[in-house]
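Protein chains in written order, with our numbering: chain D, 1 to 205; chain B, 206 to 410.
No residue lacks a Cβ here, since even glycine has one placed at the ideal position from N, Cα and C.
Because the structure is a prediction, the values reported are computed rather than measured.
First comes the structure, then the notes that go with it.
Protein chains: 2
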Amino acid sequence: MEFSSKLLERAVNEMSQLPGIGKRTALRLVLHLLRQPKEQTVMLSEALKRMRQDVKFCKSCHNISDVDLCEICASSNRNESVVCVVEDVRDVMAIENTSSFKGLYHVLGGKISPMDGIGPHDLNIESLVKKIKQGEIKELIFALSSTMEGDTTNFYIYKQIQDCKVYTTTIARGIAVGDELEYADEVTLGRSIVNRIPFENSLKS
Amino acid sequence: MEFSSKLLERAVNEMSQLPGIGKRTALRLVLHLLRQPKEQTVMLSEALKRMRQDVKFCKSCHNISDVDLCEICASSNRNESVVCVVEDVRDVMAIENTSSFKGLYHVLGGKISPMDGIGPHDLNIESLVKKIKQGEIKELIFALSSTMEGDTTNFYIYKQIQDCKVYTTTIARGIAVGDELEYADEVTLGRSIVNRIPFENSLKS
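So this is what it looks like as structure tokens:
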């Protein structure tokens, strides 16, 4: 791609570093900014820079936060003896949206994935194990993706805390609400039968 | 969407102002930036801001440029008597890529589109008409999209310069190279028959 302006070229190149944004899309976005008032670009630019420079991670759960201890960890309305282990910030947001969890979180920052060069020491596992060894936590809920990497990460953590007195659970795997049985994959369907629950329980939610 | 950080929320909101980028995609992009070195965000942020503040439009053809007169207009190797009218900067880049045009361009900055509130005075039409009335241009090539808006814009300009001694042409519409006849739409196929060219001409390129 030949650009008539170095400034344009640099902006397009930087923009196309983002995942899923190719050169053509980047050019479309940058030309859109050129048609909008200057303020929009300045605000976008400032928001990104300030976010990257000033954002903090909660010292307890590693969730993104503006202060040292995030709102959830600092809240007195949460049950501190239940901790839900999630992969990243988006999972916290997704679970918070359901309003069905009142414990605390622990954000790992990823999954163990040797293929991508991510080992246990690249994740926030050590601080989780330390927290559990202090003995204040009664239940640990694994809420990672149901993939090989997710399962590996669950198992790695489980091995580390095996000797601790903590009840470990994992979120239920089964047929999604609203889904038709015939389209479900067999592993999920099989698990949903093995892990069946009393019918009365399903009436609660 | 509930955010745990105002900085994150602001960055996501600004990012999702871009066309085709929703809140979820914006969050994914912003979280990606958080995982990368700080320098990447700073460079992106600076590149966007500088581009928006310092980029110029060529005073002759309105193409994006770093200087007052763009490279193409300033070049001595181009035929100044042929001008190709295009919608935006991307079209200049696309035609330049083909290396089959050695004249100058005129970038309108859009098409006449009453539905989107874009009238003739929002586009760089006046300066084009003025250029043509000076009598230096021998051929004007319309290279707008073959849509109703494109055709309207062509016709509007054509009416303005009807009395000038300028030969107006439009790029050929026809079956794309490599396309199969049976899948072509009938309007295109019909036009390609009406506007057929001597077979010898097709051997040249």
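Going along the chain, which residues of the segment 286-316 of chain B sit with their C-beta nearer than 9 Å to a C-beta in chain D?
-> Along the segment 286-316 of chain B, the positions whose C-beta sits under 9 Å from a C-beta of chain D are D293, V294, R295, V297, M298, E301, N302, G314, G315, read in chain order.
So which of D:L104, D:E180, D:T152, D:G117 has the shortest CA-CA distance to E139 (chain D)?
-> The shortest C-alpha to C-alpha distance from E139 (chain D) to any of D:L104, D:E180, D:T152, D:G117 is the one to D:L104.
Hey, would you say D66 (chain D) sits closer than 7 Å to K59 (chain D), going by beta carbons?
-> Not in contact: D66 (chain D) and K59 (chain D) (Cβ atoms no closer than 7 Å).
Have a look at B:G340, B:N359, B:E341 and flag the residue whose alpha-carbon is nearest the alpha-carbon of L349 (chain B).
-> Answer by Cα proximity: B:N359.
Please go through the same chain and pick out, in chain order, the residues whose beta-carbon is closer than 8 Å to the beta-carbon of H267 (chain B), but skip the five residues on each side of it.
-> Contacts found: H311, V312, L313, G314, N329, S332.
Closer than 9 Å at the beta carbon, the chain B residues around Q40 (chain D) | When 9 Å is used as the limit between beta carbons, Q40 (chain D) is near these residues of chain B: E219, Q222, R257, in chain order.
Just to confirm, are S250 (chain B) and K56 (chain D) a CB contact at a threshold of 7 Å?
-> Contact: no.
Identify, in the order they occur along the chain, each residue of the same chain with its Cβ nearer than 6 Å to the Cβ of A389 (chain B), setting aside the five sequence neighbours on each side.
-> Excluding positions up to five away in sequence, the list reads I380.
Please classify K56 (chain D): does DSSP put it in a helix, a strand, or coil?
-> Here K56 (chain D) carries a strand assignment [DSSP, helix/strand/coil].
Chain-ordered neighbours of L31 (chain D) on chain B, where CB pairs are closer than 9 Å = The contacting residues are I269, D293, V294, R295.
Report the rounded CA-to-CA distance for L223 (chain B) versus L234 (chain B), giving the unit in angstroms.
-> For L223 (chain B) and L234 (chain B), the distance between alpha carbons rounds to 12 Å.
If you drop the 5 nearest sequence neighbours on each side, which residues of the same chain put their C-beta closer than 8 Å to that of T169 (chain D)?
-> For T169 (chain D), same chain residues with a beta-carbon under 8 Å away, outside a window of 5 residues either side, are E139, L140, I141, F142 in chain order.
Could you tell me whether any Cβ in chain B is nearer than 7 Å to the Cβ of V129 (chain D)?
-> When Cβ-Cβ separations below 7 Å define contact, V129 (chain D) makes no contact with chain B.
Taking the continuous beta strand (DSSP E) assigned at T169 (chain D), which residues delimit it?
-> T169 (chain D) -> beta strand (DSSP E) spans 167-170.
Measuring alpha carbon to alpha carbon, tell me which of B:L232, B:F208, B:V294, B:I277 ends up nearest K316 (chain B).
-> Among B:L232, B:F208, B:V294, B:I277, the Cα nearest to that of K316 (chain B) belongs to B:V294.
V129 (chain D) to Q160 (chain D), Cα distance in whole Å?
-> CA-CA distance, V129 (chain D) to Q160 (chain D), rounds to 7 Å.
Cα separation between E96 (chain D) and S210 (chain B)?
-> So the two alpha carbons sit approximately 14 Å from each other.
List the whole-angstrom C-beta distance separating E219 (chain B) from A47 (chain D), where the pair is believed to meet the contact cut-off of C-beta under 8 Å.
-> E219 (chain B) to A47 (chain D), Cβ: 4 Å. Contact.
Which residues of chain B have a Cβ atom closer than 8 Å to the Cβ of E71 (chain D), listed in chain order?
-> Result: S209.
If you measure beta-carbon to beta-carbon, which residues of the segment 130-152 of chain D are closer than 7 Å to chain B?
-> If the cut-off is 7 Å between Cβ atoms, the segment 130-152 of chain D has nothing near chain B.
Tell me, please, whether the CB atom of K364 (chain B) is closer than 7 Å to any CB atom in chain D?
-> Interface annotation, K364 (chain B): not in contact with chain D, CB-CB separation never under 7 Å.
Under 7 Å between C-beta atoms, does A216 (chain B) make it to chain D?
-> Cβ-Cβ to chain D under 7 Å: yes for A216 (chain B).
Neighbourhood of I132 (chain D) by C-beta, 6 Å cutoff - its chain only, sequence neighbours within 5 removed | Close CB contacts of I132 (chain D) within its chain, under the 6 Å cut and outside five residues either way in sequence, are with I161, C164, V166 (chain order).
Roughly how many angstroms lie between the CA atoms of S351 (chain B) and R378 (chain B), to the nearest whole one?
-> Approximately 8 Å, taken between the alpha carbons.
Give the residues of chain D in contact with A231 (chain B), contact being defined as C-beta atoms less than 8 Å apart.
-> By Cβ distance, chain D contributes nothing, its closest Cβ being about 10 Å from A231 (chain B), past 8 Å.
K59 (chain D): contacting residues in chain B (beta-carbon distance under 9 Å) | Chain B residues near K59 (chain D): none, gap ~14 Å exceeds 9 Å.
Compare the C-beta of M248 (chain B) with all C-beta atoms of chain D and state if any pair is closer than 7 Å.
-> Interface residue, yes.
In its own chain, which residues sit with a C-beta less than 6 Å from the C-beta of V217 (chain B), not counting the 5 before and 5 after it?
-> When the five nearest sequence neighbours on each side are left out, the beta carbons in the same chain lying within less than 6 Å of the beta carbon of V217 (chain B) are those of A231, L232, V235, in order along the chain.
N-terminal and C-terminal residue of the beta strand (DSSP E) that N282 (chain B) is part of = No beta strand (DSSP E) holds N282 (chain B); DSSP gives it neither H nor E.
When the Cα of E2 (chain D) is compared with those of B:R396, B:V382, B:I362, B:M298, which residue comes out closest?
-> Check the Cα spacing between E2 (chain D) and each of B:R396, B:V382, B:I362, B:M298: the tightest is with B:M298.
C-beta atoms of M43 (chain D) and L212 (chain B) nearer than 7 Å | Not in contact: M43 (chain D) and L212 (chain B) (Cβ atoms no closer than 7 Å).
Environment of D384 (chain B) [buried if 16+ CB atoms lie within 10 Å] = By the 10 Å Cβ count, D384 (chain B) comes out exposed.
Contact with chain B by K23 (chain D), beta-carbon distance below 7 Å = No, its Cβ sits nowhere closer than 7 Å to a Cβ of chain B.
Determine the chain B residues that contact L203 (chain D) at a beta-carbon separation under 8 Å, and present them in chain order.
-> When 8 Å is used as the limit between beta carbons, L203 (chain D) is near no residue of chain B, the shortest such separation being about 29 Å.
Looking at C-alpha atoms only, which residue of D:Q53, D:L33, D:R35, D:Q36 is the closest neighbour of Q245 (chain B)?
-> Minimum Cα-Cα distance from Q245 (chain B) among the listed residues D:Q53, D:L33, D:R35, D:Q36 corresponds to D:Q53.
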